[in-house]
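Before any comments, here is the structure.
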Amino acid sequence: MRDYAIGTLSVHAGEDSGQPGCRPISAPIHHAVTYLHDSLEDLDAVLAGSRPGFVYGRYANPTVDSLERAVSRLEGTESALACASGMAALHLALHCAGARRGATILAARDLYGGTRALLSEVFVPAGVTVKFADMTDIEAVRQSVRSVPTAVVLAETISNPLLRVIDVPAVSTISHQAGAQFVLDNTFAVPCLYPPAADGVDWVVYSATKYHGGHGDVMGGLIASSFDRCRAAREANKVLGSILGPSEAWLVLRGIKTLVLRSRQQCASALTVARFLQTHPRIARVFYPGLTTHPQFTLARRLFASNLAGAIVSFELKGAGRDEVFRFMEGLRLITSATSLGDVYSLILYPAQSSHRGLSSTERADLGIGEGLVRLSVGIEEPVDLVQDLAQALGSLEEP
Ligand code: PLP
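Per my numbering, numbering of the sequence shown is gapless, rising by one per residue and ending at 402.
Have a look at this one:
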């Protein structure tokens, strides 16, 4: 349960670890990798977990600890864990959720390309079976988990790049009925839109490189879950070692202070941009869950706070292939072509070239990712300027 509104928590959470009486206003960055203890008995107690404290940088760090406390408060979970990247967080969550030799993962068909590669290049060779399902089709999910014992269900709240929204409470219930743990990548939704742990998600995962960091200058990953699950993940990470450094933790913690402000602005601008694109003659289709034409518009309204629908807009240029998409992207003056999302800057990418490069064109077509599809991550610039930039780049395509 959150004790304050999320906009308030994002400013203050995690900043309560300093000296009583004279506390620094922002969390200090602790670079030390090892710690002196008053006695070996004290060290022993900290190592045994019977006394709070720090021993070694790969086990825990006070700055990272501040970030983890902030995240657990934002998510309304008992605990949280920071990792070196979103991929590291996904790897750790899947491993700890039970993706081991002989187990089956049921994964959403349209996952981030890197997540698909994690499944096929790490988990499958390790003896895990991966099955895919359309997670927007609840009956298909039910049938899939019934057809074979399933250890883990993996999905994204808002899928990448087609922005399909899944019915998280329903998938959560089905997973638990089947005895599976539900791992959800909530990167595109961020906690101010939707904190999924309240709907029974076992492992909430983020690429903190995106909205939490928010400024394109830090890599990180986050897991939010129960005490017990986070403790297990922390123990596993002691040997996997995919920890977040203290400077990176500080940057993410700093980013979180404006996460809610940024996110609300970005979502509002994304709606403006999506509405503009929808009316443009060079655009074949716009994918944005805040548009009434989106197949999961009603679901998005039900799940997400304050009618927000995220800040990613994907759209298809009419009749375009790679060359024309490149011409359009290179014609943009303000919106930047770069392979990330969630930044203060508006960023655009061509999924066929970057996030879904690892798939064949047939596989992409199968998922609905056409050759003319681009993905725009809306930043905090004024929406009028974003619309103008898109209009001029699209306008230049219309010239003979
Ligand atoms: N999940 C999603 C939805 C992503 O888009 C990405 C990266 O783009 C990741 C996870 C991986 O995050 P990172 O790049 O921080 O490892």
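Built from N, CA and C at the ideal position, the CB exists for glycine as well.
Could you tell me which of the options sits nearest to residue i, measuring between CA atoms?
{"i": "Gly223", "options": "Cys85, Ser52 and Gly9", "result": "Cys85"}
{"i": "Leu253", "options": "Leu361, His217, Val73 and Ala235", "result": "His217"}
{"i": "Ser81", "options": "Lys259, Asp230 and Arg287", "result": "Asp230"}
{"i": "Trp205", "options": "Gly100, Asp112 and Ala251", "result": "Gly100"}
{"i": "Leu195", "options": "Gln394, Arg303, Gly243 and Glu250", "result": "Arg303"}
{"i": "Ser28", "options": "His39, Val57, Pro64 and Gly397", "result": "Pro64"}
{"i": "Gln280", "options": "His214, Leu392, Leu263 and Asp169", "result": "Leu392"}
{"i": "Glu43", "options": "His32, Ala34 and Gly55", "result": "Gly55"}
{"i": "Arg287", "options": "Leu165, Leu96, Asp5 and Leu69", "result": "Leu165"}
{"i": "Glu237", "options": "Tyr37, Met331, Leu49 and Ala354", "result": "Leu49"}
{"i": "Val315", "options": "Gly323, Ile337, Ser308 and Gly321", "result": "Ile337"}
{"i": "Leu120", "options": "Leu96, Glu141, Met137 and Leu38", "result": "Leu96"}
{"i": "Gly215", "options": "Thr79, Ala34 and Arg264", "result": "Arg264"}
{"i": "His178", "options": "Ala191, Asp169, Val35 and Val155", "result": "Val155"}
{"i": "Arg148", "options": "Ala311, Ile176 and Glu383", "result": "Ile176"}
{"i": "Gly372", "options": "Ile350, Ala322 and Ser356", "result": "Ala322"}
{"i": "Ser357", "options": "Glu123, Ser348, Tyr58 and Leu113", "result": "Leu113"}
{"i": "Glu70", "options": "Ser122, Leu38 and Ser12", "result": "Ser12"}
{"i": "Leu92", "options": "Ala182, Asn239, Ala251 and Val35", "result": "Asn239"}
{"i": "Pro30", "options": "Leu293, Glu250, Val386 and Arg359", "result": "Glu250"}
{"i": "Leu369", "options": "Glu123, Pro26, Val35 and Ala135", "result": "Ala135"}
{"i": "Tyr58", "options": "Ser68, Leu45 and Ser52", "result": "Leu45"}
{"i": "Ala367", "options": "Asp387, Arg111 and Asp40", "result": "Arg111"}
{"i": "Asp387", "options": "Leu261, Ser362 and Arg335", "result": "Arg335"}
{"i": "Thr294", "options": "Arg277, Arg233, Pro283 and Ser228", "result": "Arg277"}
{"i": "Phe317", "options": "Pro163, Lys259, Ala62 and Val185", "result": "Pro163"}
{"i": "Ala34", "options": "Leu108, Ala62, Asp40 and Gln145", "result": "Ala62"}
{"i": "Arg75", "options": "Lys259, His39, Pro26 and Ala109", "result": "Lys259"}
{"i": "Val185", "options": "Leu108, Arg25 and Ser348", "result": "Leu108"}
Give me, in chain order, the residues of the same chain whose beta-carbon lies closer than 8 Å to that of residue i; leave out the 5 immediate sequence neighbours on both sides.
{"i": "Arg103", "result": "Ala128, Gly129 and Val130"}
{"i": "Glu211", "result": "The sequence given here has Thr at residue 211, not Glu. Closer than 8 Å at Cβ, skipping near neighbours: Ser87, Gly88, Val220, Met221, Gly222, Gly223, Ser342 and Gly344."}
{"i": "Gln355", "result": "Arg324"}
{"i": "Thr138", "result": "Arg166, Val167, Ile168, Asp169, Pro297 and Gln298"}
{"i": "His14", "result": "Tyr6"}
{"i": "Ser308", "result": "Arg266"}
Thinking residue i and residue j are a contact (beta carbons under 8 Å), I'd like their distance in whole angstroms, please.
{"i": "Ala153", "j": "Thr117", "result": "That belief does not hold up - the Cβ atoms of Ala153 and Thr117 are roughly 17 Å apart, past 8 Å."}
{"i": "Leu94", "j": "Ile225", "result": "7 Å"}
{"i": "Ala72", "j": "Gly9", "result": "13 Å between Cβ atoms; not a contact."}
{"i": "Phe289", "j": "His296", "result": "7 Å"}
{"i": "Val389", "j": "Pro248", "result": "Going by Cβ atoms, the distance from Val389 to Pro248 rounds to 40 Å, so no, they are not a contact pair."}
{"i": "Ala235", "j": "Cys98", "result": "5 Å"}
{"i": "Ala172", "j": "Ile140", "result": "5 Å"}
{"i": "Gly115", "j": "Leu378", "result": "Rounded, the Cβ-Cβ distance is 17 Å, inconsistent with contact."}
{"i": "Ser228", "j": "Thr79", "result": "7 Å"}
Once the 5 residues before and after residue i are set aside, which same chain residues still bring their CB inside 7 Å of it?
{"i": "Val327", "result": "Leu319, Tyr352, Gly374 and Val376"}
{"i": "Val126", "result": "Val132"}
{"i": "Pro402", "result": "With a pLDDT of 37 at Pro402, under the threshold of 50, the modelled position of this residue cannot be trusted, and the question is left open."}
{"i": "Glu77", "result": "Pro193, Pro197, Ala199, Val206 and Ala226"}
{"i": "Ile382", "result": "Arg264, Gln267, Gln268 and Val346"}
{"i": "Thr274", "result": "Pro385 and Val389"}
{"i": "Arg60", "result": "Lys240, Gly243 and Ile245"}
{"i": "Ala7", "result": "none"}
{"i": "Asp201", "result": "Val170, Pro171 and Ser174"}
{"i": "His282", "result": "Leu396"}
Excluding the 5 residues preceding and the 5 following residue i in the sequence, name in chain order all residues of the same chain whose CB lies nearer than 6 Å to its CB.
{"i": "Val167", "result": "Ile160, Pro291, Gln298, Leu301 and Ala302"}
{"i": "Gly333", "result": "Ala395 and Ser398"}
{"i": "Asp187", "result": "Glu158 and Val207"}
{"i": "Ala313", "result": "Gln268, Cys269, Ala272 and Val380"}
{"i": "Ala180", "result": "Val147 and Thr152"}
{"i": "Ser244", "result": "Cys85, Ala86 and Ala90"}
{"i": "Gly257", "result": "His214, Gly215 and Gly216"}
{"i": "Ser339", "result": "Met331 and Ile350"}
{"i": "Thr36", "result": "Tyr58"}
{"i": "Thr189", "result": "Tyr208, Ser209 and Lys212"}
When you measure from the CB of residue i to every non-hydrogen atom of ligand 2, does any distance come out below 7 Å?
{"i": "Phe125", "result": "No copy of ligand 2 occurs in the structure displayed; its ligands are ligand 1 alone."}
Mind checking if residue i is an interface residue toward chain D, Cβ cutoff 8 Å exclusive?
{"i": "Leu336", "result": "Although the question refers to chain D, the structure presented lacks it and comprises just one protein chain."}
Beta strand (DSSP E) runs wholly inside the segment 65-109, at least 3 long, in chain order:
As far as the segment 65-109 is concerned, its whole beta strand (DSSP E) runs of at least 3 residues are 81-85.
Start-end ranges of the beta strand (DSSP E) lying completely within the segment 258-290, minimum 3 residues:
Qualifying beta strand (DSSP E) stretches, in chain order: 285-289.
Counting only runs of 3+ residues fully inside the segment 140-216, write out the beta strand (DSSP E) ranges in chain order.
DSSP runs (the beta strand (DSSP E)) wholly in the segment 140-216: 154-158, 183-187 and 205-209.
Let me know the alpha helix (DSSP H) ranges lying completely inside the segment 17-66, each 4 residues or longer, listed in chain order.
The qualifying runs are 42-50.
At what residue ranges does the segment 352-383 contain a whole run of the alpha helix (DSSP H), taking only runs of 4 or more?
For the segment 352-383, whole alpha helix (DSSP H) runs of length 4 or above, ordered along the chain, are 363-369.
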